[in-house]
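Everything in the sequence shown is counted per the numbering used here, starting at 2 for the first residue and increasing by one.
A short write-up of the structure that comes next.
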Amino acid sequence: MPQGQRLQRYFSPILMIFIGIVLVLVAGVLYLAFSKTTIQITAAEVPSTVPFQYTPTDLGVTATSLDIKDAYTYTDYKASSTEDAVARGTVTLINESSGNQGLVATTRLLSTEGVLFRTDETVTVPAGGSVDVTVYADQAGASGNIPASRFEIVALNASLKTQIYATSATAMTGGVIKKVTLTDTLIEQAKTAALDALTAALTKTYQPENLVITVTDQTVNGASGDTVEAVVVETVGSAVYVPITSELVSGDYTIQTDGEEILISGETVQTAEPLTKDFIDPANLTGKTEQQVRDYLADFEQVEEVEVHFVPFWLDRTPQLPQQIKIEIVP
Numbered sequence: 002m003p004q005g006q007r008l009q010r011y012f013s014p015i016l017m018i019f020i021g022i023v024l025v026l027v028a029g030v031l032y033l034a035f036s037k038t039t040i041q042i043t044a045a046e047v048p049s050t051v052p053f054q055y056t057p058t059d060l061g062v063t064a065t066s067l068d069i070k071d072a073y074t075y076t077d078y079k080a081s082s083t084e085d086a087v088a089r090g091t092v093t094l095i096n097e098s099s100g101n102q103g104l105v106a107t108t109r110l111l112s113t114e115g116v117l118f119r120t121d122e123t124v125t126v127p128a129g130g131s132v133d134v135t136v137y138a139d140q141a142g143a144s145g146n147i148p149a150s151r152f153e154i155v156a157l158n159a160s161l162k163t164q165i166y167a168t169s170a171t172a173m174t175g176g177v178i179k180k181v182t183l184t185d186t187l188i189e190q191a192k193t194a195a196l197d198a199l200t201a202a203l204t205k206t207y208q209p210e211n212l213v214i215t216v217t218d219q220t221v222n223g224a225s226g227d228t229v230e231a232v233v234v235e236t237v238g239s240a241v242y243v244p245i246t247s248e249l250v251s252g253d254y255t256i257q258t259d260g261e262e263i264l265i266s267g268e269t270v271q272t273a274e275p276l277t278k279d280f281i282d283p284a285n286l287t288g289k290t291e292q293q294v295r296d297y298l299a300d301f302e303q304v305e306e307v308e309v310h311f312v313p314f315w316l317d318r319t320p321q322l323p324q325q326i327k328i329e330i331v332p
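Pasting the structure below:
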């Protein structure tokens with residue numbers, strides 16, 4: 002066999018191998034050069050809570066401090082026993098005549114209900130004027146508990162009775178004394194009712210959400226087992242009012258005070274930092290399937306939706322080079 006043919010037979014396989022290697026390298030270069038993945042991310046608006054703490058000075062407002070000393074009579078209980086007593090109240094003596102009118106103590110006043118009362122003291126009612134005086138029922142018992150009324154002065158002659166008379170603006174009370182034996186439960190109910198009444202009274206003037214009431218002491222006029230004619234609760238404490246508006250503070254808040262410092266604390270809701278492609282490092286997405294890409298991005302709360310596009314279309318994994326992965330944020 003000629004030498005040329007022998008050389009050709011020897012080098013032909015080597016040449017084929019070389020060509021194959023070159024083709025593989027070229028294919029690899031083409032793959033690296035032209036394969037890419039575009040990942041489109043639809044961003045989500047994610048609310049976040051941000052804590053805050055202010056003083057009234059920070060907000061430019063002045064707090065109002067109140068000292069509390071309140072007496073409250075609790076009546077929502079069933080009496081253990083009752084006892085007749087003398088009803089009392091206040092009337093206004095009115096003189097529409099042209100002369101002064103003197104009235105001695107115990108002057109009789111007859112209400113329109115037919116119940117007789119007497120004045121506590123001697124008074125002079127000036128012409129064209131009026132005088133307030135306390136009165137008491139002539140007879141003890143519930144009959145003396147009458148509503149606001151008009152009274153004639155019994156001792157005056159008929160012509161003067163139309164010009165000199167009395168009226169009451171409030172009811173007469175005290176005709177029956179209800180006695181009750183205190184219990185621990187009743188005492189606690191009375192204290193709660195006293196605080197509720199105090200709170201209701203204060204919130205007529207001050208907004209409840211901006212008012213802090215601090216009770217330092219509550220006492221009742223007796224101990225458990227004592228019998229009393231009325232359950233009276235004395236409440237001692239303080240209150241702080243801070244005039245906060247929604248323009249000054251947005252979100253939920255609470256007002257706290259230790260007696261010296263006042264703090265307004267809470268949280269406000271804000272939209273989380275907008276998602277940008279800088280949030281995501283393409284190096285963490287190399288060599289991944291579409292599902293692996295989705296699983297990775299699911300950890301980002303700002304990501305709402307993910308679309309993965311491979312080029313060429315038959316690829317099923319992202320490139321190994323980060324620079325061949327393009328991330329697009331869709332608002």
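Every residue, glycine too, gets a C-beta built ideally from N, C-alpha and C.
Exposure of residue i, with buried meaning 16 or more beta-carbon neighbours within 10 Å
{"i": "residue 319", "result": "buried"}
{"i": "residue 321", "result": "exposed"}
{"i": "residue 38", "result": "buried"}
{"i": "residue 96", "result": "buried"}
{"i": "residue 149", "result": "exposed"}
{"i": "residue 169", "result": "buried"}
{"i": "residue 304", "result": "buried"}
{"i": "residue 219", "result": "buried"}
{"i": "residue 224", "result": "exposed"}
{"i": "residue 64", "result": "buried"}
{"i": "residue 192", "result": "buried"}
{"i": "residue 57", "result": "buried"}
Residue i: first and last residue of the uninterrupted alpha helix (DSSP H) it sits in
{"i": "residue 160", "result": "159-162"}
{"i": "residue 188", "result": "185-203"}
{"i": "residue 166", "result": "From DSSP, residue 166 is part of no alpha helix (DSSP H) but of the beta strand (DSSP E) over 165-168."}
{"i": "residue 137", "result": "Run containing residue 137: none in the alpha helix (DSSP H); it sits in the beta strand (DSSP E), 131-138."}
{"i": "residue 261", "result": "It is not in any alpha helix (DSSP H) - residue 261 carries neither H nor E in the DSSP assignment."}
{"i": "residue 119", "result": "Segment 117-120 is the beta strand (DSSP E) holding residue 119; no alpha helix (DSSP H) there."}
{"i": "residue 291", "result": "291-298"}
Spatial distance of residue i from residue j (CA atoms)
{"i": "residue 132", "j": "residue 155", "result": "17 Å"}
{"i": "residue 115", "j": "residue 138", "result": "11 Å"}
{"i": "residue 244", "j": "residue 205", "result": "14 Å"}
{"i": "residue 195", "j": "residue 332", "result": "57 Å"}
{"i": "residue 315", "j": "residue 301", "result": "28 Å"}
{"i": "residue 135", "j": "residue 124", "result": "11 Å"}
{"i": "residue 69", "j": "residue 228", "result": "28 Å"}
{"i": "residue 74", "j": "residue 117", "result": "28 Å"}
{"i": "residue 299", "j": "residue 252", "result": "29 Å"}
{"i": "residue 173", "j": "residue 89", "result": "5 Å"}
{"i": "residue 162", "j": "residue 153", "result": "6 Å"}
{"i": "residue 212", "j": "residue 279", "result": "47 Å"}
{"i": "residue 45", "j": "residue 330", "result": "10 Å"}
{"i": "residue 327", "j": "residue 40", "result": "6 Å"}
{"i": "residue 128", "j": "residue 165", "result": "9 Å"}
{"i": "residue 287", "j": "residue 269", "result": "39 Å"}
{"i": "residue 50", "j": "residue 61", "result": "24 Å"}
{"i": "residue 337", "j": "residue 54", "result": "This structure does not reach residue 337, given that the chain is present from 2 up to 332, and the question cannot be answered."}
{"i": "residue 76", "j": "residue 232", "result": "7 Å"}
{"i": "residue 277", "j": "residue 189", "result": "60 Å"}
{"i": "residue 237", "j": "residue 187", "result": "19 Å"}
{"i": "residue 30", "j": "residue 36", "result": "Low local confidence applies: a pLDDT of 49 at residue 30 is under 50, so the model's placement there is unreliable, with the coordinate-based value given in what follows. Approximately 10 Å between the Cα atoms of the pair."}
{"i": "residue 59", "j": "residue 215", "result": "23 Å"}
{"i": "residue 262", "j": "residue 110", "result": "58 Å"}
{"i": "residue 43", "j": "residue 313", "result": "23 Å"}
{"i": "residue 91", "j": "residue 260", "result": "42 Å"}
{"i": "residue 257", "j": "residue 271", "result": "24 Å"}
For residue i, the first and last residue of its enclosing beta strand (DSSP E)
{"i": "residue 257", "result": "253-258"}
{"i": "residue 305", "result": "304-312"}
{"i": "residue 153", "result": "151-154"}
{"i": "residue 210", "result": "Here residue 210 belongs to no beta strand (DSSP E), and DSSP marks it neither H nor E."}
{"i": "residue 1", "result": "Outside the shown range of the chain, which is 2 to 332, sits residue 1, and nothing can be said about it."}
{"i": "residue 239", "result": "232-242"}
{"i": "residue 125", "result": "124-126"}
{"i": "residue 281", "result": "Counting along the chain, residue 281 falls outside any beta strand (DSSP E), and DSSP gives it neither H nor E."}
{"i": "residue 182", "result": "177-182"}
{"i": "residue 330", "result": "326-331"}
At least 3 beta-carbon pairs within less than 8 Å: the stretch 70-90 vs the stretch 161-179 = yes
Start-end ranges of the beta strand (DSSP E) lying completely within the stretch 28-114, minimum 3 residues = 37-44, 48-55, 65-75, 82-85, 89-96, 102-104 and 109-112
Just checking, does the stretch 87-107 make contact with the stretch 192-210 on the three C-beta pairs under 8 Å criterion?
-> no
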